[in-house]
Amino acid sequence: MASTISARRLADALPTTEVAGPAYRALYDGIRLLIIDGRIADGTRLPSERELATALGVSRTTTTRVYAELREAELLESRQGSGSVVRLPLGQSSTSSLMADSNDPDTIALTYSAPVGPPGLTRAFERAVERLPGLLATTGYLPDGLPGLREQIAARYAASGLPTDPDQIIVTNGAMGALSLTARTLVSPGQRVLVEGLSYPHGTDAFAATGGRLSALAVGETPWDPEQIESLLSRTNHSSAYLITDFHNPTAAVMDDPTRTAIAASFRRHRVTPVIDESLRDINLDGVEMPSHFALYDPNALLLGSSSKLYWGGLRVGWIRAPRPQLGSLIQARMIDDLGTSAFDQLVLSELLDDGGQTAAASRARARAARDHLLGELAHKIPEIEAPCPAGGLNLWVRLPRRISSDITTAAAGHGLLLTPGPRFFTNAPAAGERYLRLPFTLTHDQLTEAVHRLRASIDDVLQ
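Be aware that the sequence shown starts at 16, since it is given in this note's numbering, and climbs by one per residue.
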């Protein structure tokens, strides 16, 4: 049965700024952005034209024209008696838009935060090829990962103060594979999951997809408020929690030691299983001192890691460090979908972990230089944007002069610049995101310079 979005909910999700041009065009652009950005899912039934017109205080002629243009754009299918249902062709999806820079050489995509391959990556692939004959002598079915790679990952945890055995490591298809697997294993339909009110949207989506009911924290100075968490857990039972504690995506905040101690105590007290996304922990650009892994505060925590953020977006190898009681159920759930991660990619990561940290250091150095370049370009060309300097991670989380994030995203597409609007990162209160944009600094300096030029033009379009 198709889900339905009410007229009131749709009206609340739309940008609230006034832009130049016909009213129907602004409304069309707003609904289209919600669809292609994933905030209105494929198959969702929209309210009737009359209901939406009433909720927005516009004429029915306006909403009728908007729906007609959405149908012409192949984003909406309307049938007598069935209403108007979102039908998202692959070419319009936000997923395919991530690849627009390869489809159109002039398009610049700032919609994802994954780096191109650093110096040294080619050599890691070459060394992995040399080890390939031994791998081909096996079946290649590795539900928990290559033994040697699991030993290396476990040793890294141990070296950072968290004793870990290789059998506690499950290698997955990237961090998203780890997220989806933990969500399917831990959450049954109807169970509550604590999440940050401002977070990585695909992470919270993974828990919602299992039928989990998300309890989002209020957004404050940091993404985490221990008193609010204790109050929330005291009122309602929660099965699990999903947090990004290290160079949080998108804000780059790091949860400090006292906050970890307090939140871990609440989780233990209320028997909540924490899922801690550490996929950006190694992107420590300024060498700041990091708190201990969350599993040292709560042994029940599952830690998620990734190779794609530090080394290369195309190296789809992630992992879960799990407490032993969870291992059996995770492996069983894993084998429903696949029998393992690309064995060759695991060999490549094994080589990277064995190079003395040279490739990782080169990747961080390049990200640091790109961050500083982007900050300099923004300060020079768009000084009205507030852009704090993050100590780690791969993104700037910038504050706009007005609530125009969605409008800028729409205008930027006309300049060949793809952006993810700020509301996409807010779990329960998307309107709060209209003052923000996430700007990854994973492209070349020339690309970032041009991206800022196009962003300047987009802001001028909106504010004129």
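Beta carbons are placed, not taken as given, at the ideal position from N, Cα and C, and that holds for glycine.
Just so it is clear, the structure is predicted and the values come from calculations on it, not from any experiment.
Item: Among H395, A279 and Y257, which residue has its Cα nearest to the Cα of M191?; Value: Y257
Item: What do you reckon, are the CB atoms on G279 and F309 nearer than 9 Å?; Value: In the sequence on display, residue 279 carries Ala and not Gly. Yes, the pair counts as a contact, with Cβ atoms nearer than the cut-off.
Item: Is the beta carbon of I46 sitting closer than 9 Å to the one on V81?; Value: yes
Item: Applying the 10 Å Cβ sphere with the 16-neighbour rule, what's the burial state of Q95?; Value: exposed
Item: For the stretch 357-367 against the stretch 338-345, do three or more pairs of beta-carbon atoms, one drawn from each stretch, fall closer than 8 Å, so that the two count as touching?; Value: no
Item: Kindly provide the ranges of any beta strand (DSSP E) runs that are 3 or more residues long and lie completely inside the stretch 206-286, ordered along the chain.; Value: 207-210, 228-231 and 255-258
Item: Check R94 in the structure and name its three-state DSSP category.; Value: strand
Item: Using a Cβ-Cβ cutoff of less than 8 Å, which residues in the same chain neighbour S230 once the five nearest sequence positions on both sides are dropped?; Value: R207, V208, L209, V210, L247, T251 and H253
Item: If you compare alpha carbons, which of L125, S322 and V290 is closest to L196?; Value: V290
Item: How many Å lie between Y451 and P416 at the Cα?; Value: 9 Å
Item: Over the uninterrupted beta strand (DSSP E) stretch that includes I123, give me the two end residues.; Value: I123 to L125
Item: Buried or exposed for I185, going by 16 or more other Cβ atoms inside 10 Å?; Value: buried
Item: Which same chain residues, not among the five before or five after G408, have their C-beta less than 6 Å away from its C-beta?; Value: F262, A267, L295 and I298
Item: Starting from T69, follow the alpha helix (DSSP H) in both directions and report where the run begins and ends.; Value: E64 to L71
Item: Could you give the first and the last residue of the continuous beta strand (DSSP E) run that contains G333?; Value: G333 to R336
Item: Between A139 and the rest of its own chain, which residues show a CB-CB distance below 6 Å, the 5 nearest in sequence each way excluded?; Value: V363, E366 and L367
Item: For a test of the three-state rule: what should DSSP assign to R414, helix, strand or coil?; Value: strand
Item: Does the distance from the CB of A406 to the CB of I474 come in under 9 Å?; Value: no
Item: Under a Cβ-count criterion, where at least 16 other Cβ atoms within 10 Å of its own Cβ denotes burial, should M350 be classed as buried or exposed?; Value: exposed
Item: Would you call S249 buried or exposed, if buried means 16 or more other Cβ atoms sit within 10 Å of its Cβ?; Value: exposed
Item: Taking all protein chains shown into account, decide if L151 is buried (16 or more other Cβ within 10 angstroms of its Cβ) or exposed.; Value: exposed
Item: Taking 7 Å as the limit between beta carbons, can you name the residues of its chain near P30, skipping five residues before and five after?; Value: G45, S421, D422 and E449
Item: Any C-beta of chain B sitting closer than 9 Å to the C-beta of L415?; Value: Protein chains in the displayed structure number just one, and chain B is not present.
Item: Kindly give me the distance between the Cβ atoms of T457 and S128, rounded to whole angstroms, as I take these residues to be in contact under 8 Å.; Value: 6 Å
Item: Please state whether DSSP places L389 in a helix, a strand or coil.; Value: helix
Item: Below 8 Å CB to CB, which residues in the same chain sit around A382 once its five sequence neighbours on both sides are set aside?; Value: P130, I298, L300, L409, F456 and T457
Item: Given that a residue counts as buried once 16 or more other Cβ atoms are within 10 Å of its Cβ, and exposed if not, what is V269?; Value: buried
Item: On a Cα-Cα basis, can you pick out the residue from P37, P338, D220 and P238 that is closest to A316?; Value: P338
Item: Tell me which residues share the same chain as D272 and place their Cβ nearer than 8 Å to its Cβ, disregarding the 5 neighbours each side in the sequence.; Value: P306 and S307
Item: What does T288 pair with, by DSSP beta-bridge criteria?; Value: S255
Item: Determine the extent of the alpha helix (DSSP H) in which I513 is found, giving its start and end residues.; Value: Here the chain comprises residues numbered 16 to 479, so residue 513 is not present and cannot be evaluated.
Item: Output the boundary residues of the alpha helix (DSSP H) element that contains L49.; Value: A38 to I51
Item: Which value, in whole angstroms, describes the spacing of the CA atoms of V100 and D52?; Value: 16 Å
Item: DSSP beta-bridge partners for V100?; Value: R60 and E92
Item: Please classify V186: does DSSP put it in a helix, a strand, or coil?; Value: strand
Item: Can you name, in chain order, every residue of its own chain whose Cβ lies under 6 Å from the Cβ of E166, other than the five neighbours on each side?; Value: P181
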